[in-house]
Amino acid sequence: AQKVTQAQTEISVVEKEDVTLDCVYETRDTTYYLFWYKQPPSGELVFLIRRNSFDEQNEISGRYSWNFQKSTSSFNFTITASQVVDSAVYFCALGTYKYIFGTGTRLKVLA
Amino acid sequence: DTAVSQTPKYLVTQMGNDKSIKCEQNLGHDTMYWYKQDSKKFLKIMFSYNNKELIINETVPNRFSPKSPDKAHLNLHINSLELGDSAVYFCASSQDPLNGQPQHFGDGTRLSIL
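Below, the structure written as structure tokens:
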């Protein structure tokens, strides 16, 4: 069975702090895809990044970076120098036709 | 230009009524989806269609009936609405999901049952 665990329900940080959101997954597939989505207070789901199981390179996009480690089945997301606009619920997901979503981590960035 | 659009954005109705939510995508994708997000923010897939064919039906009550008139549209009809149907429903689309192309979501339809 496939499963995604986001153990952090809610995180609060002060602006400019760095924060890491954890994602641990379970799958028996050898080829699989992982995703991160952002859900701001306005409610839409915004795609952030995709990673396939054969590509363990870390990725950086501006203040965002992702660390994929197959050995620990983790796909963690770090925001550097957080800003108030980063406040949202962040979801990690696993899948192809059918996404298995984690329960989300609510990030609150305080000014 | 809106990529995946859902209407209506809000839907408030009484228990027992029948309602529909429409979804259209202008991305040229072959695959479309419906997800339900409950009050605790938990997201779960309901249906998936590929080129108008149903490929995923996740043990959803048969009061929920998706219809795909063409590959750009996937509508969701709900009969005999119940209190537990209150949720946000998201439509999504993707191209080539087997190769990990991401799903793009609409803005959601918030359904409230009185």
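First to last, the sequence lines map onto chains A and B.
Numbering of the first sequence is given in the working numbering, commencing with residue 1049 and proceeding in unit increments.
Numbering of the second sequence is given in the working numbering, commencing with residue 2 and proceeding in unit increments.
Just so you know, even glycine gets a beta-carbon here, dropped at the ideal spot from N, CA and C.
Is Pro103 (chain B) near Ser95 (chain B), with beta carbons less than 9 Å apart? Numbered from 1 along the second sequence, position 102 holds the residue referred to as residue 103 (chain B). Numbered from 1 along the second sequence, position 94 holds the residue referred to as residue 95 (chain B). Contact: yes.
Keeping to the same chain, check which residues put their C-beta closer than 6 Å to that of Thr1151 (chain A); ignore five residues upstream and five downstream. Along the first sequence, one-based indexing puts residue 1151 (chain A) at 103. Only Gln1054 meet the Cβ criterion.
In chain A, what lies closer than 7 Å to Lys53 (chain B) by C-beta? On the second sequence, residue 53 (chain B) is found 52 positions in, with the first residue counted as 1. The premise fails here: Lys53 (chain B) is roughly 15 Å from chain A at the closest Cβ pair, so nothing lies under 7 Å.
If we count Cβ pairs, one from each stretch, closer than 8 Å, do we get three or more for the stretch 80-100 of chain B versus the stretch 10-21 of chain B? yes
By the 7 Å beta-carbon criterion, what residues does the stretch 1086-1101 of chain A contribute toward chain B? Gly1091, Glu1092, Leu1093, Phe1095, Arg1098 and Asn1100
Is the distance from the Cβ of Tyr90 (chain B) to the Cβ of Met47 (chain B) below 9 Å? Position 89 of the second sequence, counted from the first residue, corresponds to residue 90 (chain B). Position 46 of the second sequence, counted from the first residue, corresponds to residue 47 (chain B). Yes.
Would you tell me roughly how many angstroms separate the C-alpha atoms of Arg1111 (chain A) and Val1067 (chain A), rounded to the nearest one? For the purposes of this step, residue 1111 (chain A) is identified with residue 63 of the first sequence, where counting begins at 1. For the purposes of this step, residue 1067 (chain A) is identified with residue 19 of the first sequence, where counting begins at 1. The straight-line gap from Cα to Cα measures roughly 11 Å.
With DSSP collapsed to three states, give me the class of Pro98 (chain B). Numbered from its first residue, the second sequence carries residue 98 (chain B) at position 97. Helix, per DSSP.
Ser81 (chain B) in three-state terms, based on DSSP: Numbered from 1 along the second sequence, position 80 holds the residue referred to as residue 81 (chain B). Three-state DSSP puts Ser81 (chain B) in coil, outside helix and strand.
Going by other Cβ atoms of all chains shown within 10 Å of its Cβ, with 16 needed for buried, is Gln1087 (chain A) buried or exposed? What you label residue 1087 (chain A) is simply residue 39 of the first sequence in a count that begins at 1. Looking at its Cβ environment, which holds 16 or more other Cβ atoms inside 10 Å, Gln1087 (chain A) is buried.
Backbone CA spacing between Leu1158 (chain A) and Val1062 (chain A) [nearest angstrom]: Locating residue 1158 (chain A) in the first sequence gives position 110, counting from the first residue. Locating residue 1062 (chain A) in the first sequence gives position 14, counting from the first residue. Near 5 Å, if we compare the C-alpha coordinates of Val1062 (chain A) and Leu1158 (chain A).
Along chain B, in chain order, which residues have C-beta atoms closer than 9 Å to that of Val1137 (chain A)? Stepping through the first sequence from its first residue, residue 1137 (chain A) is reached at position 89. Simply Lys42.
Any chain B beta carbon closer than 9 Å to Gly1162 (chain A): Here chain A covers residues 1049 to 1159 and nothing more, so residue 1162 (chain A) does not appear.
Ignore the nearest five residues each way along the sequence and tell me which others in Lys45 (chain B)'s own chain have a CB closer than 6 Å to its CB. Here residue 45 (chain B) corresponds to residue number 44 of the second sequence, with the count starting at 1. Once the five neighbours on either side are set aside, the close Cβ partners of Lys45 (chain B) are Lys37.
Sorted by chain position, which residues of the same chain lie with C-beta nearer than 6 Å to Ser1113 (chain A)'s C-beta, five sequence neighbours on each side aside? As a working note, residue 1113 (chain A) is residue 65 in the first sequence. Excluding sequence neighbours, Ser1113 (chain A) sits near Thr1126.
Rounded to whole angstroms, what is the Cα-Cα separation between Ile1059 (chain A) and Arg1154 (chain A)? Along the first sequence, one-based indexing puts residue 1059 (chain A) at 11. Along the first sequence, one-based indexing puts residue 1154 (chain A) at 106. Looking at the two C-alpha atoms, the distance is approximately 6 Å.
Is the Cβ of Lys1064 (chain A) closer than 9 Å to any Cβ of chain B? The residue given as residue 1064 (chain A) occupies position 16 in the first sequence. No, its Cβ sits nowhere closer than 9 Å to a Cβ of chain B.
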